[in-house]
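Chains as they are written, first to last, in full-length UniProt numbering: chain S, 1 to 275; chain U, 1 to 275. Glycine is no exception: its CB is placed at the ideal position from the N, C-alpha and C atoms. Being a predicted model, the structure only gives us computed values, none of them experimental. Taking it in order: structure first as structure tokens, then the write-up.
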């Protein structure tokens, strides 16, 4: 397996969101020799989609994904507002040439315990967005989130579940495989193989810390936790995945408090030395 | 589905561990009309196994389980110390007439990222304990723990994974199904059906709070969270499960700070009114 060189890395802008606005993150990624970025929509809209697209292009960076569409359950029904917001996300992904639109699909509807109902709503929403995304040439990447987010962020919680949805919805939809969300799954290798190259649309890196002190914002730098990242990278690359290794670290008490140039240098060192 | 009356409830003594030693918990469960208790080993040993057995029997209570054996990975190898401790757990379960010995199997070995290796060690350990448990007439209940505990508490994280182990190990071993650990699983209903009456050895109740502020000690009282408990109870009872509904609430900032008699009254009310 090849060592990950900087040009094989993508900076998910969540990793430096406390320090850098999107223009600075694009500039930082380019300065450090990263091959790409993956912006978040709030940052993208703050900078302006066209302006961001131009800056990314001029910096010679790829876009490994746009974070994020989804949240189909947010209003308790699949409203036009939710559908329209996902269409805008598709348009934004197209405008910046994103390899995929990453979907955080939403958890339970407000004041509901109906998990099966939420999952049905999510699948209907994904079908709607997929129809539009095909016309725009944008690939949809369902991100199965760790089961600890089933209630409040995403009710798609395993690769198997996401692939079952992909099977039903057909072409143009696949997965964003984030090691943080999938590493624990006894079925992870089998599902990576099942996904195959066509449906492995993104590969996200960070680490699971022991202990984890916050369920949302205590992710680790690769190598500081317990995930066997090389093992998972080997599995996705064995399927032919050739996208960038996207680094996405939510870390309120550690990495978000550091000099962002040091964060990027650390990412480069860990990617080369461990991942 | 019948309403849960107090005699259909078991008090897992973790629920009142901040307030009551085991003798007080036994007395409290009996006073409130519960049908059983489920002690933790540290409390059992503090009271004395024989003394506890006598008190439980005199109070007319059943024992829905003993918490807990397992932790096969604690020493990085399946040592005699670990095996012996599990034999003692079996002996204790037999002495108090527990319906099963609940297994929290252990997570990754210390300083290890080898999840598959941990799982192999766990299965070997379970096989060893099962051999002994059969001679003692004690049933072994694997408790699949929520995937957020895969690293540090239990690397058996789904019912399917636990049942695969049961399939390989044969008779005398089944599951403790705790709604907190399994509610998110898209496969939960299918796996409850697969388990069947013979392998559904315990059914644990509490709730998943939104937000959850602590990964270990912020479980909710039934009805305060998002788990559709009646739906899961119906599924296990449809398989013929006729054991007690064991209530196990780890709650450092809420229920552990309350008058334990009020806690038991609340359990009775919620069990009757919602579960």
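Residues of the same chain with a CB within less than 7 Å of the CB of residue 23 of chain U, apart from the 5 flanking positions on each side, are 47, 55 in chain order. In this structure, DSSP gives residue 263 of chain U a helical state, which the three-state scheme calls helix. Identification of chain S residues near residue 151 of chain U by a Cβ-Cβ cut-off of 7 Å yields 208, 210, 226, ordered along the chain. The beta-carbon separation of residue 207 of chain U and residue 253 of chain U, rounded to 15 Å, does not stay under the 8 Å limit for a contact.
In the structure shown, the three-state DSSP call for residue 9 of chain S is strand. The alpha-carbon of residue 269 of chain U is positioned some 13 Å away from that of residue 7 of chain U. Secondary structure in the segment 42-116 of chain U: the alpha helix (DSSP H) runs of 4 residues or longer, each lying completely within the stretch, are 49-58, 80-95 in chain order. Residue 210 of chain S sits exposed, since fewer than 16 C-beta atoms from the chains shown fall within 10 Å of its C-beta. Here DSSP, grouped into helix, strand and coil, assigns residue 146 of chain S to coil.
Pairwise C-beta distances place the segment 152-171 of chain S out of contact with the segment 97-113 of chain U, as fewer than three of them are shorter than 8 Å. Taking C-alpha positions only, residue 141 of chain S is separated from residue 205 of chain S by approximately 16 Å. Residue 121 of chain U has a beta carbon lying at 8 Å or more from every beta carbon in chain S. Cα atoms of residue 238 of chain U and residue 200 of chain U: separation of roughly 11 Å, rounded to the nearest angstrom. With its beta carbon at least 8 Å from every one in chain S, residue 144 of chain U lies outside the interface. For residue 176 of chain U against residue 36 of chain U, the beta-carbon gap comes to about 14 Å, at or over 8 Å, which does not count as contact. Linking residue 225 of chain U to residue 155 of chain S through their CA atoms gives a straight-line distance of about 16 Å.
For residue 53 of chain U, same chain residues with a beta-carbon under 8 Å away, outside a window of 5 residues either side, are 95, 96, 97 in chain order. Nearest in C-alpha terms to residue 103 of chain S, of all of S:139, S:33, S:256, is S:139. Here DSSP, grouped into helix, strand and coil, assigns residue 220 of chain S to strand. Among the residues of the segment 77-109 of chain U, those with a Cβ less than 7 Å away from any Cβ of chain S are 108, in the order of the chain. Secondary structure at residue 137 of chain S: coil, using DSSP grouped into helix, strand and coil. Shortest Cα-Cα distance from residue 85 of chain S to any of S:182, S:69, S:244, S:133 involves S:69. Distance from the Cα of residue 150 of chain S is smallest, within the candidate group U:196, U:21, U:184, U:158, for U:184.
Cβ contact annotation for residue 222 of chain U (same chain, cutoff 8 Å, sequence separation greater than five): 205, 206, 207, 229, 247, 267, 270, 271, 274, 275, in chain order.
Any Cβ of chain S closer than 8 Å to the Cβ of residue 274 of chain U would place that residue at the interface, and such an atom is absent.
Annotation: the continuous beta strand (DSSP E) that includes residue 173 of chain U extends over 173-178.
Within the same chain, 90, 94 come within 6 Å of residue 136 of chain U by CB-CB distance, once the 5 residues on both sides are set aside. At a Cβ-Cβ threshold of 8 Å, residue 29 of chain S and residue 11 of chain S count as neighbours. Within the DSSP bridge table, the entry for residue 245 of chain S names S:9, S:203 as partners.
Residue state for residue 255 of chain U is assigned as helix, using DSSP reduced to three classes. Beyond the five residues adjoining it in sequence on each side, residue 25 of chain S comes within less than 7 Å, by CB distance, of 11, 13, 16, 37 in the same chain, given in chain order. Residue 245 of chain U does not reach chain S, its nearest Cβ partner there being about 18 Å away, counting only Cβ pairs nearer than 8 Å. Residue nearest to residue 241 of chain S within the set S:117, S:194, S:220 is S:194 (criterion: CA-CA distance).
Minimum Cα-Cα distance from residue 163 of chain U among the listed residues U:153, U:192, U:148, U:107 corresponds to U:192. DSSP, read as helix, strand or coil, puts residue 154 of chain S in strand. Residue 125 of chain S carries a helical assignment under DSSP once its states are collapsed to helix, strand and coil.
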